[in-house]
């Protein structure tokens, strides 16, 4: 492997592992805040015990997210010097927003929430957690602003071979980032819902605090279904926008080689992955469906990979402008298939909750804990498609990936990749052991719940 190949592997692995934690962190923070809100509104001690129980997991997940996020910055500095020089002036604003505003707010107010039990007024204490929840979403939005600029650069000019910011609002409110943020944040809430539900059903099967965990499971399936449906809707319109801005990515996601009007939607395809690439030798399609999904027209034309490749050569010069079609095709199906499974799970849970059978359904109680792995498959598929689908560009139409890497040896990148994987293994192994130990303990004892009477703002 070349140093560029290894650098791409390092970026892909560290990004996927970090974002897996980000999705859980955003979703779990939201659901813990909802639980504490229900406690303050009802005075039901079950919700306070649930808040503290899931709050243990939240603290561990947040800590892992901080470490994996910091490691992301190291690999950018080591492997992508050309990229950093090219986009540094543009990325300054969104990354400053993420670091100085969002991350700072998260850290401060999560600390107040962790150590503020019995010291802050109940409503102030709850407000701290809602601020953390909002800050996690702002943090994600800031990163998505930078990533969306890589997909659809706006608000810049090229000066001396570097992109310079000319319109900060065009960057912050890029047409791409709105749908992307909606899709990612709703998907994160879905991830949080599945994690909360899976843990609750695991405890119900063990016969532990069935009444309390049944309550949180019933709440979670309702919110989770809404979030999953919303993520699917936002994802659809995000794909329609990508068809306009990045048609090659969407053509690869459908293994759509030939321009057609109307175009069929591929359900299943088999073809060559790397050698002698070309149209798949087996491609089962639904006639007209791709044209209808993309434009609500039964006759619209959808350009294929072959035409888009020719257009790219005419615009940018000789070269291969087609991503790895097989990887894009199956990543897209992994994301969509996982999303459909999650919608089905949440709909099943809502039906059981409506009939009062949720905590009695053996099949659902078995399926929900296993389904915890599904949203991570959806996240991985989505991010592989988003990042891999614009190749060979690291910034669409402006900077090629092979021009963005650092001038380092393959041995140096391989060494750092091995070190990164070793550190990640230790982090995730340690976090897994801590989470299992904390969650296995069950809910804290009822007598340990604090009073709801207003105390002094601070206690010593």
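Residue numbers (our numbering): 28 to 487.
Yeah, the Cβ is synthetic: ideal placement off N, Cα and C, and Gly gets one too.
Computed from a prediction, not measured in an experiment: that's the story for all the values here.
| Query | Result |
| --- | --- |
| Sub-7 Å separation of residue 23 and residue 129 beta-carbons | Outside the shown range of the chain (28 to 487) lies residue 23, about which nothing can therefore be said. |
| For residue 190, the first and last residue of its enclosing beta strand (DSSP E) | 189 to 192 |
| Terminal residues of the alpha helix (DSSP H) in which residue 175 lies | 149 to 178 |
| Cβ-Cβ distance between residue 427 and residue 276 below 7 Å | no |
| Own chain residues within Cβ distance below 6 Å of residue 281, not counting five before or after | 293 |
| Whole runs of the alpha helix (DSSP H) within the stretch 329 to 395, excluding any shorter than 4 residues | 332 to 343 and 352 to 381 |
| Inter-stretch contact at 8 Å, needing at least 3 Cβ pairs: the stretch 182 to 197 / the stretch 131 to 139 | no |
| Classification of residue 414 by the beta-carbon crowding that lies within 10 angstroms, buried from 16 upward | buried |
| Coil, strand or helix - residue 29 by DSSP | coil |
| Contact check, residue 402 vs residue 225, beta carbons under 7 Å | no |
| Reduced DSSP category for residue 290 - H, G, I as helix; E, B as strand; rest coil | coil |
| Reduced DSSP category for residue 125 - H, G, I as helix; E, B as strand; rest coil | helix |
| Three CB pairs or more closer than 8 Å across the stretch 226 to 237 and the stretch 152 to 166 | no |
| Assumed close pair residue 243, residue 227 - CB separation to whole angstroms, cut-off 8 Å | 5 Å |
| Stretch pair the stretch 431 to 443 + the stretch 33 to 40: three plus CB contacts closer than 8 Å | yes |
| CB of residue 295 within 7 Å of CB of residue 315, strictly | no |
| Short Cβ contact (7 Å threshold) for residue 110 with residue 421 | yes |
| Continuous beta strand (DSSP E) stretch holding residue 184: start and end | 183 to 186 |
| Spatial distance of residue 221 from residue 204 (CA atoms) | 25 Å |
| Length of the line joining the Cα atoms of residue 430 and residue 113 | 10 Å |
| CB contact flag (residue 195, residue 123, <7 Å) | no |
| Span of the beta strand (DSSP E), counted from its first residue to its last, around residue 422 | 420 to 422 |
| Local conformation of residue 296 per DSSP, three classes | strand |
| Own chain, CB closer than 6 Å to residue 405, minus 5 neighbours either side, in chain order | 362, 365 and 366 |
| Contact the stretch 71 to 85 vs the stretch 454 to 469: 3+ CB pairs below 8 Å | yes |
| C-beta contact flag for residue 211 and residue 58 at 7 Å | no |
| For residue 370 and residue 165, the rounded distance between their alpha carbons | 26 Å |
| C-beta atoms of residue 175 and residue 207 nearer than 7 Å | yes |
| Rounded straight-line distance, which links the Cα of residue 142 to that of residue 251 | 29 Å |
| Simplified DSSP assignment, three categories, for residue 42 | helix |
| Residue 79 - DSSP class collapsed to helix/strand/coil | helix |
| Residue 303 classed as buried or exposed, judged by whether at least 16 other C-beta atoms fall within 10 angstroms | Residue placement at residue 303 cannot be trusted, given a pLDDT of 47 that sits under 50; what the coordinates show is reported in the next sentence. Its Cβ having fewer than 16 others within 10 Å, residue 303 is exposed. |
| Spatial distance of residue 262 from residue 106 (CA atoms) | 31 Å |
| Residue 232 - DSSP class collapsed to helix/strand/coil | helix |
| Contact belief for residue 398 with residue 372 at Cβ below 8 Å, rounded distance in angstroms | 5 Å |
| Cβ pair residue 291, residue 313 closer than 7 Å | yes |
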